[in-house]
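Participant: Sharing a structure here in structure tokens format.
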Amino acid sequence: MLLATFKLCAGSSYRHMRNMKGLRHQAVLAIGQELNRRAPGGPTPAAWINQVRRRGSLLGSQLEDTLYSDHELAYIQQGEEAMQRALGILSDQEGWKKESQQANGDEVLSKVIPDVGKVFRLEVVVDQPMERLYEELVEHMEAMGEWNPNVKEIKVLQKIGKDTVITHELAAEAAGNLVGPRDFVSVRCTKRRGSMCVLAGMATHYGEMPEQKGVIRAEHGPTCMVLHPLAGSPSKTKLTWLLNIDLKGWLPKTIINQVLSQTQVDFANHLRKRLESRPALEARC
7 MLLATFKLCA GSSYRHMRNM KGLRHQAVLA IGQELNRRAP GGPTPAAWIN QVRRRGSLLG
67 SQLEDTLYSD HELAYIQQGE EAMQRALGIL SDQEGWKKES QQANGDEVLS KVIPDVGKVF
127 RLEVVVDQPM ERLYEELVEH MEAMGEWNPN VKEIKVLQKI GKDTVITHEL AAEAAGNLVG
187 PRDFVSVRCT KRRGSMCVLA GMATHYGEMP EQKGVIRAEH GPTCMVLHPL AGSPSKTKLT
247 WLLNIDLKGW LPKTIINQVL SQTQVDFANH LRKRLESRPA LEARC
């Protein structure tokens, strides 16, 4: 289902980074420029995606004053590539088919991408300001297991700078236990531009988190969530979630499709309940 997963092991997937000891500021900026040049394009992307992709590289801004190890730079690069690839998929508006439409307007769409497989796209409007969603999904990421029954635990394994983290996620059984427990090791990055936020990630290798006994190691493909205030209603947030997962193991496609689309619908419902159950937080921007 997912053929485009990057693997990192001692920097072996990034040969050009092995000899970067003592990397200086100019070299870091050059990497960021190269990532932007290689970013996948798409026919007339939606305005909010186009804006995010034009506003400069994560590497060019985040690493301006700080130097990182070769491995840290590799993870940062992988997170940036995941973001660009996921936004590239979202930017192509052609070929999406409706999977489900909820009474409250929540919609799940799907599309088959060559060399990636079937991806799912959730479109919802949440009656909360964007800053509330950012706090819950980014700053309180490790608390997701408290309110989303589909997630048993999320743990941040390593934080790199302000915007890149390596996480381990343990997912619950699904479809009446037809889909057993899965776990994921992912690199995630967050980019904010004004009132807009993109959360992106994909599977990675992290030597300190080997596969667990009795749990299948599944993989996130290039995936992302895009948050921005609803046009004309800044107190509401438009959330778009691109989901791309290889569950591994032997599972019928019908079961996989059902589980992934339902996971998105459930996520939106659980997120709303979580936000409604907590007192309003003051916006930080």
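Everything in the sequence shown is counted per the working numbering, starting at 7 for the first residue and increasing by one.
Ideal Cβ positions, reconstructed from N, Cα and C, are used throughout, including at glycine.
Keep in mind the model is a prediction, meaning the values are calculated, not measured.
(1) Considering only C-alpha positions, which residue in the set Thr260, Met208, His226 and Pro187 is nearest to proline 155?
(2) By the three-class DSSP mapping on this structure, what secondary structure does threonine 269 have?
(3) Helix or strand or just coil, what does DSSP make of glycine 94?
(4) If we call anything under 7 Å between Cβ atoms a contact, is glutamate 78 one with isoleucine 222?
(5) Using the Cα positions of glutamate 214 and methionine 150, report the straight-line distance between them to the nearest angstrom.
(6) Let me confirm a value: valine 162 is counted as buried when at least 16 other C-beta atoms fall within 10 Å, else exposed. Which label applies?
(7) Distance, Cα to Cα, alanine 92 vs glutamate 86?
(8) Taking the DSSP output, what are the residues bridged to methionine 231?
(9) Could you compute how far the alpha carbon of leucine 277 sits from the alpha carbon of tryptophan 256?
(10) Between which two residues does the beta strand (DSSP E) carrying leucine 115 extend?
(11) Roughly how many angstroms lie between the CA atoms of glycine 101 and alanine 178, to the nearest whole one?
(12) Following the continuous alpha helix (DSSP H) through glutamate 137, name the residue where it begins and the one where it ends.
(13) Per DSSP, what are the beta-bridge partners of alanine 108 in this structure?
(14) How many whole angstroms separate the CB atoms of arginine 127 and threonine 246, which I take to be in contact at a CB cut-off of 8 Å?
(15) Among the residues of its own chain, which have a CB less than 6 Å from the CB of arginine 280, if the five just before and after it don't count?
(16) So, for glutamine 268: in the same chain, excluding its five sequence neighbours on each side, which residues have a beta-carbon less than 7 Å away from its beta-carbon?
(17) Would valine 232 be called buried (16 or more neighbouring beta carbons within 10 Å of its own) or exposed?
(18) State the DSSP-derived secondary structure class of glycine 200, mapped to helix, strand or coil.
(19) For a test of the three-state rule: what should DSSP assign to arginine 292, helix, strand or coil?
(20) Does DSSP put alanine 88 in a helix, a strand or coil?
Facilitator: With the structure as the only source:
(1) The shortest C-alpha separation from proline 155 is found at Pro187.
(2) In the structure shown, threonine 269 sits in a helix (DSSP, three-state: H, G or I).
(3) helix
(4) no
(5) So the two alpha carbons sit approximately 22 Å from each other.
(6) exposed
(7) 10 Å
(8) Per DSSP, Leu205 and Trp247.
(9) 30 Å
(10) 113–119
(11) 31 Å
(12) 136–140
(13) This sequence places glutamine at residue 108; alanine is not what is there. In the DSSP output, where bridge partners are listed per residue, glutamine 108 has none listed.
(14) 7 Å
(15) Trp153
(16) Taking glutamine 268 as the centre and dropping the five residues before and after it, the same chain places no C-beta closer than 7 Å to its C-beta.
(17) buried
(18) Assigned with DSSP and collapsed to three states, glycine 200 falls in coil, not helix or strand.
(19) No answer is possible for residue 292: it lies beyond the span of the chain, which begins at 7 and ends at 291.
(20) helix
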